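Here the structure is laid out as structure tokens; the discussion comes afterwards.
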Amino acid sequence: MKREAMTRWTIFLFWVQFFSLVFCEYKDPESLCASQQTCKNCLQTPRCVWCSTPVSNQNVNSPLVRCVTREKFSNEGNHWCRTSDVIDETNEMLILEDRPLSSTRGTDPVQIQPQRIRLTLRRGEKYRLTLKYSQAEGYPVDLYYLMDLSASMEDSRNLLSELGHELADAMRNLTSNFRLGFGSFVDKVVLPMTSTQPEKLKSPCTLKTGKPCAAPYDYKHQMPLSENIDLFKTRVREAPVSGNLDAPEGGLDAMMQAMVCTKEIGWRQDARHLIVFSTDASFHTAGDGRLAGIIEPNDCLCHLDEKGFYTHSLLQDYPSIYQINKIARERNINIIFAVKSDRRKTYELLSESIGGSSIETIRNNSKSIVDLIRGEYEKLVNSITMTDNAPKMIDVKYYSRCLEKNVELKERQKCGGLRVGNVVEFEVTLQATECPANSSEWQTSMQIKPRGIDESLTIELSIICDCPCGYPEHPGYVAASEDCRGNGTLVCGVCSCNEGFYGKQCECEGNDAGAESAAAMADCKPNNETTEICSGHGDCKCGVCDCVKRPNPQEVFYGKYCECDNFSCKRSEGLVCGGRGKCECGTCNCLPGWGGETCDCKETNSTCIPSNGETMEVCSGRGDCICGSCHCHEKDNIRYSGQYCEECPICPGQRCEELKNCVECMVYGTGPFAGNGKCDACLHEIDIVNKVVEDPEKDQETGARICRTPGDAGCTFVFKYEYYRGGSGGDIKIFKILAEKERVCPTPINVLGVAVGLIISTVIIGFFVLLVWKIVTTIHDKREYAKFERERALAKWDRADNPIYKQATSTFSNPTFNENSKD
């Protein structure tokens, strides 16, 4: 019994210590505000206001807490501080330009509203504004075709030269204002990229026609953007095909020049900018130039001569992927990678790192190229993705209902299915997460714009990081103030003492704590119920707490009574506040998008919504989004799983049945979707392979499933589906399908063929049996005859004599008888 009582007492003490620790570490907002000792720090704390009443006007018997929450100020009003002395800077917006949306053909389109605002933001406090977008009719398009013209792409060049008019006609059906340009690239003319032998510098290869190819070059701008399609056809046909040594090409060199040479290429400011990048090889990137002794980084500037050749090819390294992405975003350029199927994986990875880019497989026919460009352009204009260039201290989030008016507002940057005349509203939330140390960064500007369009909302941004009374020109700033005994400056009601003085009114001299009076010591305690001076974390100097310094300069005690610190918050993964927030007075102030005691909980639902276009429901409607992850539950007696609760472990054929109609329609052109004309409704990415390979270990890791399902005409086809991560953050899964090229179909029975085959086979088998019988009997007869011959050869008698034959008479001869005598 005694041991049981001790155990219970231990458990009780544990919980007492636990709750004490929790309540000590996590302060309420009121305490967080009260711990701020300057107006600047008070305004940098969200939802706090400052009282600038001078020291001389305070009630001596009731010390003033200068920084409190807005709620407390609202409740107490003048009882806390005179309204005229309260400093409460709030978020404010002033609209500077607000032209209405316009998409009339022949006039300058207005697709974004408003166009310019002035916004004042306070750290940690969100401001929400409404932004409208409407697609303009006949918006101009500039398309620059950038082509790899190494020898292996000779056929593709010839093909492109023949489809200029077809491409122009297809694009003019989508927009009345279309221009086309052309450029080509190979690689840097230096070892090890290109052979530098004299004869190879003249002609490094032989074309299929037997003629020598052109001299090597890196990039050449062949034709500026123009409406002259005949000129495009001519320039493409005359473009020089050359060669290089290694497998990768200098495509990124060419892409950078095509983007930054605005004047030479002819990019229009008020047009959609498209670059079609066509190749059958991989690419060199930053750092590869070191192989040739080129160490100067790419400067992202235009370097073309009067003939269109890139002049700094041997002076600068290839650009990095980051530089390509940055310039494409700044210049509003959408890149379409049109590559051969064997290079698709390489350019998929590149496309994931370049915003606004897409990838398609190019085939050896003109229709596929035209359809590719038209399809990608339609995707661009029929959807809108909002982007921004906000500085790092500004967090931006987008919310929209897209074209659905009666649904819940969701966090998303993209809306699809748009047509001319549709108006989409985005609610944009902006929040200043911190105040930059450099005050020049408190005033800045940023743009919010649709990806690929030059129109934008320009925001003149001011971040509130200081108090207006903290500057000499303000009445609340008084040098050598009487309130500070002439030994300091009155700033926002508080004395900033000169060197050698300290105290509330700079009444104390020196810098070391000496013997303090009881009254002064009382000012260093929050109340009379405690005997601890400065919360045990500092010394009392003339009634003011001087907090101790920690060995780590990044860790500090602060507050009026040194009651706060920035290091005692809970940790996650070994980091204070999980490295996703700041520890303020024992409480984690998380960065935007994160929450929880240790800032390890995602606050957004966007990571719980599939991006494959199948559904916009959170967790596919089968679970709850908690901390940015789906927690699946049972629905209709089925337990779902997967990142978006999209998988049903006890329904192995669920996805197979769901996907088979799309696969059959898009790969084989058969099935119910093909008959109903719904093939275009299939949005999945389907790759056609000769054989779907089953890899149990890898398939288990990726969650891939192999489906063998029947289709039309009794045919069976095989495909594999899986999810793979995309995007820069890796949080989004996209459906991917591999389908076998050929189906397995039953062959119909040919009755006549079977009958004829049966008769012929019977005759052949009969003849074969007779032949065998004849051969066997012939061999047997020959053996018997040979045996007979051997026995006859062994006989001792002549053929004319018979040893058992006896003649009928006997003949006797007389030896004395003379045959010659005559009687």
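Under mature numbering (1 follows the signal peptide of the UniProt record, and there is no 0), read the sequence shown as residues -24 to -1, 1 to 799, first letter to last. Glycine included, each C-beta is placed from N, C-alpha and C at the ideal position. Just so you know, these numbers come straight off a predicted model, no measurement behind them.
Bridge partners - residue i, DSSP secondary structure assignment
i: His607; result: Asp600
i: Lys470; result: The sequence as given places Val at residue 470; Lys does not occur at that position. Partner(s): Val467.
i: Pro188; result: Thr182
i: Tyr374; result: Val404
i: Thr363; result: Lys425
Supposed close pair residue i, residue j - CB separation, criterion 8 Å
i: Phe158; j: Arg94; result: Rounded, the Cβ-Cβ distance is 44 Å, inconsistent with contact.
i: Cys445; j: Cys468; result: 4 Å
i: Ala262; j: Asp293; result: 6 Å
i: Val166; j: Tyr193; result: Their Cβ separation, rounded to whole angstroms, is 12 Å, which puts Val166 and Tyr193 out of contact at 8 Å.
i: Val665; j: Lys712; result: Not quite, the Cβ-Cβ distance comes to about 12 Å (not below 8 Å), so this is no contact.
i: Cys500; j: Gly519; result: 7 Å
i: Ile585; j: Val594; result: 6 Å
i: Ile88; j: Ser432; result: 6 Å
i: Pro22; j: Arg99; result: 7 Å
i: Ala498; j: Leu97; result: Not quite, the Cβ-Cβ distance comes to about 40 Å (not below 8 Å), so this is no contact.
i: Val252; j: Ala314; result: 6 Å
Secondary structure of residue i, DSSP reduced to three states
i: Ile664; result: strand
i: Ile312; result: strand
i: Cys441; result: coil
i: Asp275; result: coil
i: His55; result: helix
i: Ser704; result: Confidence is the limiting factor: at Ser704 the pLDDT is only 35, short of 50, which leaves the residue's position unreliable and the question unanswerable from this model.
i: Lys536; result: coil
i: Cys553; result: helix
i: Pro672; result: helix
i: Pro174; result: helix
i: Tyr353; result: helix
i: Lys709; result: Below a pLDDT of 50, predicted positions are generally treated as unreliable, and Lys709, at 47, falls in that range; the measurement from the model is reported next regardless. DSSP places Lys709 in strand when its eight states are reduced to three.
i: Ser617; result: strand
i: Glu485; result: strand
i: His756; result: helix
i: Thr322; result: helix
i: Asp118; result: strand
i: Val162; result: coil
i: Tyr644; result: helix
i: Pro5; result: helix
i: Gly514; result: strand
i: Lys239; result: helix
i: Thr66; result: coil
Rounded separation between residue i and residue j - CA only
i: Leu19; j: Phe154; result: 53 Å
i: Thr45; j: Cys577; result: 26 Å
i: Thr322; j: Val25; result: 55 Å
i: Lys178; j: Cys237; result: 28 Å
i: Ile662; j: Ala715; result: 7 Å
i: Ile708; j: Asp256; result: Summary for Ile708: the model assigns pLDDT 39, below 50, so the residue's position carries little reliability, and this model does not support an answer.
i: Val524; j: Ile509; result: 12 Å
i: Tyr374; j: Arg388; result: 6 Å
i: Pro791; j: Ala762; result: 49 Å
i: Ala268; j: Asp163; result: 12 Å
i: Pro188; j: Asp264; result: 28 Å
i: Thr506; j: Cys540; result: 17 Å
i: Glu673; j: Gly618; result: 18 Å
i: Gln111; j: Gly284; result: 35 Å
i: Glu73; j: Lys209; result: 44 Å
i: Gly651; j: Lys355; result: 25 Å
i: Leu747; j: His756; result: 14 Å
i: Thr738; j: Gly687; result: 38 Å
i: Gly647; j: Glu633; result: 13 Å
i: Thr66; j: Ile312; result: 45 Å
i: Gly186; j: Asn134; result: 16 Å
Test: residue i CB closer than 7 Å to a CB of chain B
i: Cys561; result: Note that chain B does not occur in the displayed structure, where there is just one protein chain.
Sufficient close CB pairs (3 or more, under 8 Å) joining the stretch 432 to 440 to the stretch 412 to 421: Output reads yes: the stretch 412 to 421 touches the stretch 432 to 440.
Inter-stretch contact (C-beta, 8 Å, three-pair minimum) for the stretch 95 to 108 and the stretch 400 to 409: Touching, yes, given that three or more Cβ pairs across the two stretches are closer than 8 Å.
At least three beta-carbon pairs within less than 8 Å, the stretch 597 to 612 to the stretch 640 to 653: Judged by pairs of C-beta atoms under 8 Å, the stretch 597 to 612 does not touch the stretch 640 to 653, as fewer than three such pairs exist.
Cβ contact check for the stretch 214 to 230 and the stretch 121 to 140: 3 or more pairs under 8 Å: Contact holds: three or more Cβ-Cβ distances are below 8 Å.
Cβ contact (3+ pairs, closer than 8 Å) linking the stretch 268 to 281 and the stretch 226 to 246: Result yes; three or more Cβ-Cβ pairs closer than 8 Å.
Segment contact flag, the stretch 688 to 695 with the stretch 717 to 730, C-beta cutoff 8 Å, min 3 pairs: The stretch 688 to 695 and the stretch 717 to 730 touch, with no fewer than 3 CB-CB distances between them shorter than 8 Å.
The stretch 9 to 23 in contact with the stretch 529 to 536 per 3-pair CB rule at 8 Å: Taking one beta carbon from each stretch, the stretch 9 to 23 and the stretch 529 to 536 have 3 or more pairs nearer than 8 Å; the two touch.
Sufficient close CB pairs (3 or more, under 8 Å) joining the stretch 241 to 259 to the stretch 317 to 336: Contact between the stretch 241 to 259 and the stretch 317 to 336 is established, with three or more Cβ pairs separated by less than 8 Å.
At least three beta-carbon pairs within less than 8 Å, the stretch 238 to 250 to the stretch 295 to 302: The way I'd put it, the stretch 238 to 250 doesn't touch the stretch 295 to 302; fewer than three beta-carbon pairs between them come closer than 8 Å.
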